[in-house]
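**Student:** First, the structure itself, so that you have it in front of you.
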């Protein structure tokens, strides 16, 4: 992982940025607090000054109705005070299919805002190698949600076939082992 993602000239004056954290559920390893810590460290060592934070909690990255995500994109186009969005990982920005991700990347590019992540560094949309790498990663992240969904369905089906509860036992019920 590279540690410098801004040019030497940019490092003299910090690049104004916003940061975005997202967590799909409370069972994730990278909580919003952990993401904030890592983004703060990355920004300091990479020449960014974080102006604002946006956070969507307990909402999947494939959904485009994330309120803070949409506000962040709109702010990038209208406020024009940030030159970067920093995320912990590209998949924290989104798990959209590549075509949909490109729509948001295009909007940011037109607003002169780039995406940078703690794990991947600056996402380079304007070079063929960078674009292909980001698009392939985006496709893999999008496919991950389909695989995860299939695994969850398989697990729920297996629990139902064994006669087990799906999720938490309702208040007032007791599970009795009748073996």
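Numbering (my numbering), first residue to last: 1 to 179. Heads up, the beta-carbon is just placed ideally off N, CA and C, and yes, glycines get one too. It should be emphasised that the depicted structure is a prediction, and the values quoted were computed from it without experimental measurement.
Can you pull the DSSP bridge partners for residue 21?
**Tutor:** For the purposes of this step, residue 21 is taken as residue 21 along the chain shown, with counting starting at 1. In DSSP, residue 21 forms a bridge with 55.
**Student:** DSSP three-state label for residue 60, please.
**Tutor:** Residue mapping note: residue 60 aligns to position 60 of the chain shown, counting from 1. Note: residue 60 maps to coil in three-state DSSP.
**Student:** Taking the Cβ atom as the reference point for each residue, do residue 22 and residue 92 lie within a distance shorter than 8 Å?
**Tutor:** For the purposes of this step, residue 22 is identified with residue 22 of the chain shown, where counting begins at 1. For the purposes of this step, residue 92 is identified with residue 92 of the chain shown, where counting begins at 1. In this structure, residue 92 lies closer than 8 Å to residue 22 by Cβ.
**Student:** Strictly by DSSP, which residues pair up with residue 114?
**Tutor:** For the purposes of this step, residue 114 is taken as residue 114 along the chain shown, with counting starting at 1. Residue 114 pairs with 84.
**Student:** Can you tell me which of the three DSSP states residue 121 falls into?
**Tutor:** For this step, residue 121 is matched to residue 121 along the chain shown. Of the three classes helix, strand and coil, the one that applies to residue 121 here is strand, per DSSP.
**Student:** If you draw a straight line from the alpha carbon of residue 142 to that of residue 37, how long is it in whole angstroms?
**Tutor:** On the chain shown, residue 142 is found 142 positions in, with the first residue counted as 1. On the chain shown, residue 37 is found 37 positions in, with the first residue counted as 1. Roughly 26 Å between the two C-alpha positions.
**Student:** Near residue 55, what residues of its chain come up, given a Cβ to Cβ distance below 8 Å and the 5 sequence neighbours on each side ignored?
**Tutor:** The count along the chain shown starts at 1 and reaches residue 55 at position 55. Counting only Cβ-Cβ distances below 8 Å, and skipping sequence neighbours, we find 20, 21, 22, 32 and 68.
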